[in-house]
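Chemist:
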Amino acid sequence: MPLLARMLASPLHLDIRAGAVANLAQLLHERAITSGGTVMVAVGTGHGQEIWERIKPSLPNATMFDVWEANLASAGALQEALGQQGYDAVVAIGGGKTIDVAKYAATRAALPMVAVATNLAHDGICSPVASLEHPHGKGSYGVALPLAVVVDLDYVRGAPPAMVLGGIGDAISNLSAIEDWLLAERERGELVDGLALAFARTAAEAVLHRTDTIADDDFLIALAEALVLSGMAMSVAGTSRPCSGACHEIIHAIDQLYPGVSNHGELAGIGALFATHLRGHDARFEQIAACLGRHGLARTPGEIGLSDDQFVAAVMAAPATRPDRYTILEHLALEEPLVREQVAAFVSRLA
0 MPLLARMLAS
10 PLHLDIRAGA
20 VANLAQLLHE
30 RAITSGGTVM
40 VAVGTGHGQE
50 IWERIKPSLP
60 NATMFDVWEA
70 NLASAGALQE
80 ALGQQGYDAV
90 VAIGGGKTID
100 VAKYAATRAA
110 LPMVAVATNL
120 AHDGICSPVA
130 SLEHPHGKGS
140 YGVALPLAVV
150 VDLDYVRGAP
160 PAMVLGGIGD
170 AISNLSAIED
180 WLLAERERGE
190 LVDGLALAFA
200 RTAAEAVLHR
210 TDTIADDDFL
220 IALAEALVLS
230 GMAMSVAGTS
240 RPCSGACHEI
250 IHAIDQLYPG
260 VSNHGELAGI
270 GALFATHLRG
280 HDARFEQIAA
290 CLGRHGLART
300 PGEIGLSDDQ
310 FVAAVMAAPA
320 TRPDRYTILE
330 HLALEEPLVR
340 EQVAAFVSRL
350 A
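At position 17 of the sequence shown (counting the first as 1) the number is 16 in numbering that gives the first Met the number 0, and the numbers step up by one without a gap.
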């Protein structure tokens, strides 16, 4: 059955509200994910352990697994643990790293998975991709979508602000990724899925012009819905194309050259803004710049501790991170002097 048909036949259950985790056991039973509560609960750092202690009495047959790192070793250990008895499902409680580990292990163990997100840092909550580190860097792996996503606003509000603000950058970066996808269609005949494109654009536009902030529940709900919708866009497309273009090539290059700089979502925002600058889309550039500035997100390399020279190096290295992807970077194929010129103009424009 095609992916979209499977999604429509077994729709994602989404619960975004304060106190949502209190009904987790009921959700697992009502959605027929488990009858006796025999689930593996993958718990990350931060609020994960606190939530586990809270729900443990209602899931007496559940087993806890401590996710220590977002890498293949941790995912492999979880997969091995899942093979030790007959579990009905995997429940992941934590941020994107914990959810990625659980998605990878659950997919390979052929078990359904429920994501309980404690922050809104990026669109990995409900994406068909798990980003995991390995001895030679970081890889992206195809995985199944969660059957349900739970976002408890009480815990999201308690997350470090940077881990919530990052989701804004990742959501609005869809606007740049869409332009890259359409460019690849025009220049190379790459197929564009209209529904996936609509999902991705709707997700970005849902947060782009809002004037409220992460201090407001209405904004957090809109952001959570946008990130889930981005994940669904990638699932419909069968690729990360609707949400990943030059913006994410720049992220991957920065991760490789300067590990530990900022976070995924904030880097996505800067990457999208720079790619929009390269396209000469002035109106969209001003909209994205205004959104990032309104939420206190970085817009220039210096604001995340990178020099202009370091950013130039990242832009030059970016295309090699996704050699199969055609974006504005590949289209312009700028030599280093011209990249340096464009970075200088970009920084000056935002000064």
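Glycine residues also receive a C-beta, built at the ideal position from the N, C-alpha and C atoms. The structure presented is a predicted model; accordingly, all values stated were derived computationally and were not measured.
(1) Is it right to say residue 5 is buried, meaning 16 or more other beta carbons lie within 10 angstroms of its own, or is it exposed?
(2) With distances taken from CA atoms, which of 239, 285, 293, 40 is nearest residue 142?
(3) Following a CB-centred definition, is residue 265 positioned closer than 7 Å to any heavy atom of the ligand NAD?
(4) Taking the alpha carbon of residue 329 as the point to measure from, which residue in 172, 221, 18, 278 has its own alpha carbon closest?
(5) Have a look at residue 92 and residue 44 and give me their C-alpha separation to the nearest angstrom.
(6) Going along the chain, which unbroken runs of the beta strand (DSSP E) with 3 or more residues stay wholly within the segment 8-77?
(7) Could you check how far apart the C-beta atoms of residue 128 and residue 233 are, in whole angstroms? I think they sit under 8 Å.
(8) Report the three-state DSSP secondary structure of residue 141 (helix, strand or coil).
(9) Give the straight-line distance between the Cα atoms of residue 225 and residue 58, rounded to the nearest whole angstrom.
(10) Whose CA, out of 189, 216, 290, 227, lies closest to the CA of residue 122?
(11) What's the gap between the Cα of residue 144 and the Cα of residue 98?
(12) Exposed or buried, what is residue 78 when buried is set at 16 or more other beta-carbons lying within 10 Å of its beta-carbon?
(13) Keeping to the same chain, check which residues put their C-beta closer than 6 Å to that of residue 261; ignore five residues upstream and five downstream.
(14) Rounding to the nearest angstrom, what Cα-Cα distance links residue 68 and residue 75 in this structure?
(15) What does residue 136 pair with, by DSSP beta-bridge criteria?
(16) Under 8 Å, do residue 39 and residue 51 count as touching if we go by C-beta distance?
(17) Buried or exposed, going by whether 16 or more other CB atoms sit within 10 Å of the CB of residue 7?
(18) How would you label residue 344, buried or exposed, when you count the other beta carbons within 10 angstroms and need 16 or more for buried?
(19) Which residues share a DSSP beta bridge with residue 206?
(20) Strictly by DSSP, which residues pair up with residue 183?
(21) I need the straight-line Cα distance from residue 181 to residue 80, nearest angstrom please.
(22) Suppose contacts are defined by Cβ-Cβ distances below 8 Å. Is residue 220 in contact with residue 164 by that definition?
(23) Where DSSP assigns a beta bridge to residue 92, which residues make up the other side?
(24) Buried or exposed: where does residue 294 fall if 16 or more other Cβ atoms within 10 Å of its Cβ makes it buried?
(25) How should residue 102 be labelled, buried or exposed, when 16 other C-beta atoms within 10 angstroms of its C-beta is the threshold for buried?
Modeler: This is what the structure gives:
(1) Counted from its first residue, the sequence shown places residue 5 at position 6. In this prediction, residue 5 has a pLDDT of 40, which is less than 50 and means its spatial position is unreliable; nothing more can be read from the coordinates.
(2) Taking the sequence shown and counting its residues from 1, the one referred to as residue 142 is at position 143. Minimum Cα distance to residue 142 is reached at 239.
(3) This structure simply doesn't include the ligand NAD, nor any ligand for that matter.
(4) Numbered from its first residue, the sequence shown carries residue 329 at position 330. It is 278.
(5) Translated into the one-based positions of the sequence shown, residue 92 becomes position 93. Translated into the one-based positions of the sequence shown, residue 44 becomes position 45. Straight-line Cα distance between these residues: approximately 9 Å.
(6) 12-16, 38-42, 62-65
(7) For the purposes of this step, residue 128 is taken as the residue at position 129 of the sequence shown. For the purposes of this step, residue 233 is taken as the residue at position 234 of the sequence shown. Confirmed, Cβ separation roughly 7 Å.
(8) Within the sequence shown, residue 141 is the residue found at index 142, counting from 1. Correct three-state label for residue 141: strand.
(9) For this step, residue 225 is matched to residue 226 along the sequence shown. For this step, residue 58 is matched to residue 59 along the sequence shown. Spanning the two alpha carbons is a distance of roughly 30 Å.
(10) Taking the first residue of the sequence shown as 1, we reach residue 122 at position 123. If we check each option's Cα against that of residue 122, 227 comes out closest.
(11) By one-based count along the sequence shown, residue 144 stands at place 145. By one-based count along the sequence shown, residue 98 stands at place 99. Cα-Cα distance, rounded: 11 Å.
(12) Numbered from 1 along the sequence shown, position 79 holds the residue referred to as residue 78. That one is buried.
(13) As a first step, residue 261 is located in the sequence shown; it is residue number 262 there, counting from the start. Contacts found: 303.
(14) Here residue 68 refers to the residue found at position 69 when the sequence shown is read from its first residue. Here residue 75 refers to the residue found at position 76 when the sequence shown is read from its first residue. Going from the Cα of residue 68 to the Cα of residue 75 covers about 11 Å.
(15) Position 137 of the sequence shown, counted from the first residue, corresponds to residue 136. DSSP output for residue 136 lists 133 as bridge partner(s).
(16) The residue given as residue 39 occupies position 40 in the sequence shown. The residue given as residue 51 occupies position 52 in the sequence shown. The answer is no: Cβ separation not under 8 Å.
(17) Within the sequence shown, numbered from 1, the residue matching residue 7 stands at position 8. With a pLDDT of 43 at residue 7, under the threshold of 50, the modelled position of that residue is not reliable, and no figure is offered here.
(18) By one-based count along the sequence shown, residue 344 stands at place 345. Looking at its Cβ environment, which holds fewer than 16 other Cβ atoms inside 10 Å, residue 344 is exposed.
(19) The count along the sequence shown starts at 1 and reaches residue 206 at position 207. Paired residues: none, contrary to the question.
(20) Within the sequence shown, numbered from 1, the residue matching residue 183 stands at position 184. DSSP output for residue 183 lists no bridge partner at all.
(21) For the purposes of this step, residue 181 is taken as residue 182 along the sequence shown, with counting starting at 1. For the purposes of this step, residue 80 is taken as residue 81 along the sequence shown, with counting starting at 1. Using only the alpha carbons, I get a separation of about 43 Å.
(22) Counting from one through the sequence shown, the residue named residue 220 turns up at place 221. Counting from one through the sequence shown, the residue named residue 164 turns up at place 165. No, the Cβ-Cβ distance between residue 220 and residue 164 is not below 8 Å.
(23) In the sequence shown, the residue the question calls residue 92 occupies position 93. Per DSSP, 42, 115.
(24) In the sequence shown, counting from the first residue as 1, residue 294 sits at position 295. Under this definition residue 294 is a buried residue.
(25) Against the sequence shown, residue 102 aligns to sequence position 103. With 16 or more other Cβ atoms within 10 Å, it is buried.
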